[in-house]
Amino acid sequence: MTTAVSFRQVSRHFGAVKAVDAVDLDIAPGEFFAMLGPSGSGKTTCLRLIAGFEQPTSGSVSIFGERAEGVPPYRRNVNTVFQDYALFPHLSVLDNVAYGLMVKGVAKSERYRAAEQALALVRLPDYGVRRPSQLSGGQRQRVALARALVNQPRVLLLDEPLGALDLKLRENMQEELKSLQKSLGITFVFVTHDQGEALSMADRVAVFNDGRIMQVGTPQEIYERPATRFVADFVGSSNVLPPDFVQRYAGQRRWGSLRPEAIRIGSAGSGDGVSARLISTNYLGATTRLLLDAEGLRLHAMAPAGVHLPAEGQEVRLTFNRDQLHLMEDAG
Ligand code: ATP
Numbered sequence: 002m003t004t005a006v007s008f009r010q011v012s013r014h015f016g017a018v019k020a021v022d023a024v025d026l027d028i029a030p031g032e033f034f035a036m037l038g039p040s041g042s043g044k045t046t047c048l049r050l051i052a053g054f055e056q057p058t059s060g061s062v063s064i065f066g067e068r069a070e071g072v073p074p075y076r077r078n079v080n081t082v083f084q085d086y087a088l089f090p091h092l093s094v095l096d097n098v099a100y101g102l103m104v105k106g107v108a109k110s111e112r113y114r115a116a117e118q119a120l121a122l123v124r125l126p127d128y129g130v131r132r133p134s135q136l137s138g139g140q141r142q143r144v145a146l147a148r149a150l151v152n153q154p155r156v157l158l159l160d161e162p163l164g165a166l167d168l169k170l171r172e173n174m175q176e177e178l179k180s181l182q183k184s185l186g187i188t189f190v191f192v193t194h195d196q197g198e199a200l201s202m203a204d205r206v207a208v209f210n211d212g213r214i215m216q217v218g219t220p221q222e223i224y225e226r227p228a229t230r231f232v233a234d235f236v237g238s239s240n241v242l243p244p245d246f247v248q249r250y251a252g253q254r255r256w257g258s259l260r261p262e263a264i265r266i267g268s269a270g271s272g273d274g275v276s277a278r279l280i281s282t283n284y285l286g287a288t289t290r291l292l293l294d295a296e297g298l299r300l301h302a303m304a305p306a307g308v309h310l311p312a313e314g315q316e317v318r319l320t321f322n323r324d325q326l327h328l329m330e331d332a333g
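Remember, this note's numbering sits 1 above the position in the sequence shown when you count from 1.
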């Protein structure tokens, strides 16, 4: 099957900076693919390589089976929604959305019809006459989306498109973007440094660090079976366990990860497990988050509501199923 986007050993260096370093990647048609990683890890450069705003220093990029070298951005059947939206302030919303079609020489009546359709798709049907300055942040975001969708791209690139929105609006837009993507069937490639956003929206996630992909997988794989210490740390809340600790409980000298919800808390001195002291509890409603000191190691655990918890400062015994202790690639 053809892939929507594929990278073969793609590098993009800027002088001594390896912004993208020997990346291999295959994104399937119709996939919602997130590129996740800290600032400066190469996500945006990857997006720009797909868009055609950057050329690889070495390696090759293909879009729907065609080598992209030498193909200019406007011939790639790919559109980008930028973080700052990049709307033209002096044009009406309708003209902003129709702009790409005008450049392509589409007749006025046809491009306005298509622009109105695109505005309806992002649920802004009556806003065409306004200027961007007369819209809220969330509405401007939708206009930017409509302006990309009007070109009917096969691949839509989104660079932190929700970064400028407040939390509530961000959550609404996450749901809307996802359902829009499913109904249109367009391949979405989404750049974010927000792990929650990547895990909740994407079919698959690539975790970047230093211009390289550390792991590609479904949100569940990334969350439950992080390949490396970096992924476990970056994707959040997992307990990262050092090799000597893992060796004692799993017999292998490797770094391990253990989700907080996998840890059970029992009373001190009761048989197997790890002895620990409860440092603090943090009530979150449906769950309580516990901070523990296990032989000098700080661990987080998560207890469901209604479970009787020991008092802070008390000695406890921690147990977990061996198969929930996930061993990572990093050797000890
Ligand atoms: P952010 O989340 O902050 O946008 P990112 O993961 O998207 O970060 P990139 O923008 O791809 O990261 O940048 C990767 C590295 O390449 C950074 O060190 C950056 O400074 C460098 N870089 C990117 N573009 C250029 C350029 N045109 N010239 C020189 N260095 C660049």
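By construction, the Cβ of each residue, glycine as well, lies at the ideal position given by its N, Cα and C atoms.
These figures come from a predicted structure and were not determined experimentally.
{"Query": "Since residue 184 is in the alpha helix (DSSP H), which residue starts that stretch and which ends it?", "Result": "168-185"}
{"Query": "Exposed or buried, what is residue 337 when buried is set at 16 or more other beta-carbons lying within 10 Å of its beta-carbon?", "Result": "No statement about residue 337 is possible, as the shown extent of the chain runs from 2 to 333 and does not include it."}
{"Query": "What does the alpha-carbon distance come out to for the pair residue 198 and residue 156?", "Result": "20 Å"}
{"Query": "Can you tell me whether DSSP reads residue 275 as helix, strand or coil?", "Result": "strand"}
{"Query": "Do residue 158 and residue 283 have their C-beta atoms closer together than 8 Å?", "Result": "no"}
{"Query": "Using DSSP with H/G/I as helix, E/B as strand and the rest coil, what is residue 141?", "Result": "helix"}
{"Query": "Compute the Euclidean distance between the alpha carbons of residue 214 and residue 207, then round it to the nearest angstrom.", "Result": "6 Å"}
{"Query": "Considering only heavy atoms of the ligand ATP, does any lie closer than 7 Å to the CB of residue 282?", "Result": "no"}
{"Query": "With 16 other CB atoms within 10 Å as the buried threshold, where does residue 148 fall?", "Result": "buried"}
{"Query": "Evaluate the contact criterion for the region 298-316 versus the region 260-268: three or more CB pairs, one atom per stretch, below 8 Å.", "Result": "yes"}
{"Query": "Check whether the region 309-326 touches the region 284-295, taking contact to mean three or more Cβ pairs, one atom from each stretch, closer than 8 Å.", "Result": "yes"}
{"Query": "Between which two residues does the beta strand (DSSP E) containing residue 241 stretch?", "Result": "240-242"}
{"Query": "Throw me the rounded Cβ distance for the residue 132 and residue 90 pair, which I believe falls under 8 Å.", "Result": "7 Å"}
{"Query": "For the region 68-116, list the beta strand (DSSP E) runs that are entirely contained and at least 3 residues long, ordered along the chain.", "Result": "79-82"}
{"Query": "Which of the three DSSP states, helix, strand or coil, is assigned to residue 65?", "Result": "coil"}
{"Query": "Exposed or buried, what is residue 161 when buried is set at 16 or more other beta-carbons lying within 10 Å of its beta-carbon?", "Result": "buried"}
{"Query": "Please identify the residue among 139, 178 and 18 whose C-alpha is closest to the C-alpha of residue 170.", "Result": "139"}
{"Query": "Considering only the beta carbon of each residue, do residue 34 and residue 190 sit closer than 8 Å?", "Result": "yes"}
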